[in-house]
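Numbered continuously in numbering that gives the first Met the number 0, the sequence shown closes out at residue 235.
Quick reminder that beta carbons are idealized off the backbone N, C-alpha and C, glycines included.
The structure presented is a predicted model; accordingly, all values stated were derived computationally and were not measured.
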Amino acid sequence: MSAKKRFYKSVTTAGEGDGVAIHLDGRAVKTPAGSAVRLPTSALAAAVAAEWDAQGEEIDAGSMPVFSLAVTVIDRVTPQRDAILSELTAYGGNDLICYQDGEDADLAAHQAQGWGPWLDWAGSDLGAPLQVARGIMPVMQPQASLDALGAAAATHDDWELGMLYRATTLGGSLVLGLAMLRGRMDAAALFEAAFLDELWQAQKWGSDWEAEDRRAMIRGEIEQAHHFLSLLRDAG
């Protein structure tokens, strides 16, 4: 597919309705689905405008991560909010940090140190005590805990919910995703916790470049979601 040529000269922002729109030569930007792009904060709008303004003769969609995340929220999260919440609750039922090693004592101790505090936090702060499985056999979580996790996710608006979904699916843990959304950990801490097993194994046995590239890509995507979240919460 050929790249799309830059078709505009000026990029501006303007308050419209309940948000801030991006204008290219005075015309409002829309999503691929045809929805108006109205961003909830000036900081987020400025970041999206900067991405459009930085384009050269050809438009590189891969160089506009903030705009891409915004479009995902508008076109996919808002119309499917209930389905997103159901999927997140399902992640809570199979949360990464609930599955710990039952054979390697050193790894099990490392997992307990890295994940134990977040399991405690889920129980105390979210009202969602979770069972821990030793090995690969699935564990049934209390329905009350799953309901509490779903309720915690539902407190976030569509924009934050989109970033929660991103963090949860990238890291495999709703608990860790909620911890990031609630300011208990940053992107680096979420990545370290989500990939605790892999990083421990790589340190012990060595790693290969494909695994390192994959982890670097995921770490970058988690950082993008965290950055988007900071722009959402910038009231300046």
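Quick check on the burial criterion: 16 or more other C-beta atoms within 10 angstroms. Buried or exposed for residue 135? Within the sequence shown, the letter at position 136 stands for residue 135. By the neighbour-count rule (16 or more Cβ atoms within 10 Å), residue 135 is not buried but exposed.
In terms of residues, what are the limits of the beta strand (DSSP E) holding residue 14? If you number the sequence shown from 1, residue 14 lands on position 15. For residue 14, the enclosing beta strand (DSSP E) begins and ends at 10-15.
Among 221, 32, 36, 138, which residue has its Cα nearest to the Cα of residue 91? Counting from 1 along the sequence shown, the entry for residue 91 is found at position 92. Out of 221, 32, 36, 138, 138 has the C-alpha closest to the C-alpha of residue 91.
Residue 159, buried or exposed, once every other Cβ within 10 Å from all chains shown has been counted against 16: Here residue 159 is taken as the residue at index 160 of the sequence shown, counted from 1. Classified as buried, residue 159 has 16 or more neighbouring CB atoms from the shown chains inside 10 Å of its CB.
Tell me whether the segment 145-153 and the segment 70-88 touch, counting them as touching only if at least three CB pairs, one residue from each stretch, are closer than 8 Å. Proximity of the segment 145-153 to the segment 70-88 meets the contact definition, three or more beta-carbon pairs being nearer than 8 Å.
Three or more C-beta pairs closer than 8 Å, one from the segment 202-220 and one from the segment 17-35: is that the case here? Counting Cβ pairs under 8 Å, fewer than three are found: no touch.
Short Cβ contact (8 Å threshold) for residue 5 with residue 50: Your numbering for residue 5 matches position 6 in the sequence shown. Your numbering for residue 50 matches position 51 in the sequence shown. No, they are not a contact pair.
Of the listed residues 157, 182, 215, 234, nearest to residue 198 (C-alpha basis): Here residue 198 is taken as the residue at index 199 of the sequence shown, counted from 1. In terms of Cα proximity to residue 198, the closest of 157, 182, 215, 234 is 215.
Counting C-beta neighbours from all protein chains within 10 Å, is the total for residue 213 16 or more, i.e. buried, or is it exposed? Counting from 1 along the sequence shown, the entry for residue 213 is found at position 214. Under the 10 Å beta carbon count, residue 213 is surrounded by fewer than 16 other beta carbons and is classified as exposed.
I think residue 196 touches residue 225, with their Cβ atoms under 8 Å apart; what is that distance to the nearest whole Å? Stepping through the sequence shown from its first residue, residue 196 is reached at position 197. Stepping through the sequence shown from its first residue, residue 225 is reached at position 226. No, residue 196 and residue 225 are not in contact; Cβ-Cβ is about 22 Å, not under 8 Å.
Specify, as a first and last residue, the run of the beta strand (DSSP E) that residue 18 falls within. Translated into the one-based positions of the sequence shown, residue 18 becomes position 19. In the DSSP assignment, residue 18 falls within the beta strand (DSSP E) that extends over 18-23.
Less than 8 Å between the beta carbons of residue 72 and residue 47, yes or no? Within the sequence shown, residue 72 is the residue found at index 73, counting from 1. Within the sequence shown, residue 47 is the residue found at index 48, counting from 1. 8 Å or more divides the Cβ of residue 72 from the Cβ of residue 47.
Can you have a look at residue 3 and say buried or exposed, based on whether 16 or more other CB atoms are within 10 angstroms of its CB? In the sequence shown, the residue the question calls residue 3 occupies position 4. An exposed status is given to residue 3, since fewer than 16 other beta-carbon atoms sit within 10 Å of its beta-carbon.
Do residue 161 and residue 68 come within 8 Å of each other at the CB atom, strictly closer than that value? As a first step, residue 68 is located in the sequence shown; it is residue number 69 there, counting from the start. As a first step, residue 161 is located in the sequence shown; it is residue number 162 there, counting from the start. Result yes, Cβ atoms of residue 68 and residue 161 sit closer than 8 Å.
Coil, strand or helix - residue 35 by DSSP: By 1-based counting over the sequence shown, the position of residue 35 is 36. The answer is strand: DSSP assigns residue 35 an E or B state.
Where do the ends of the alpha helix (DSSP H) carrying residue 119 lie? For this step, residue 119 is matched to residue 120 along the sequence shown. From DSSP, the alpha helix (DSSP H) with residue 119 extends over 104-123.
Continuous alpha helix (DSSP H) stretch holding residue 73: start and end: As a first step, residue 73 must be located in the sequence shown, where it is residue number 74. Looking at the DSSP string, residue 73 is not in any alpha helix (DSSP H), and its letter there is neither H nor E.
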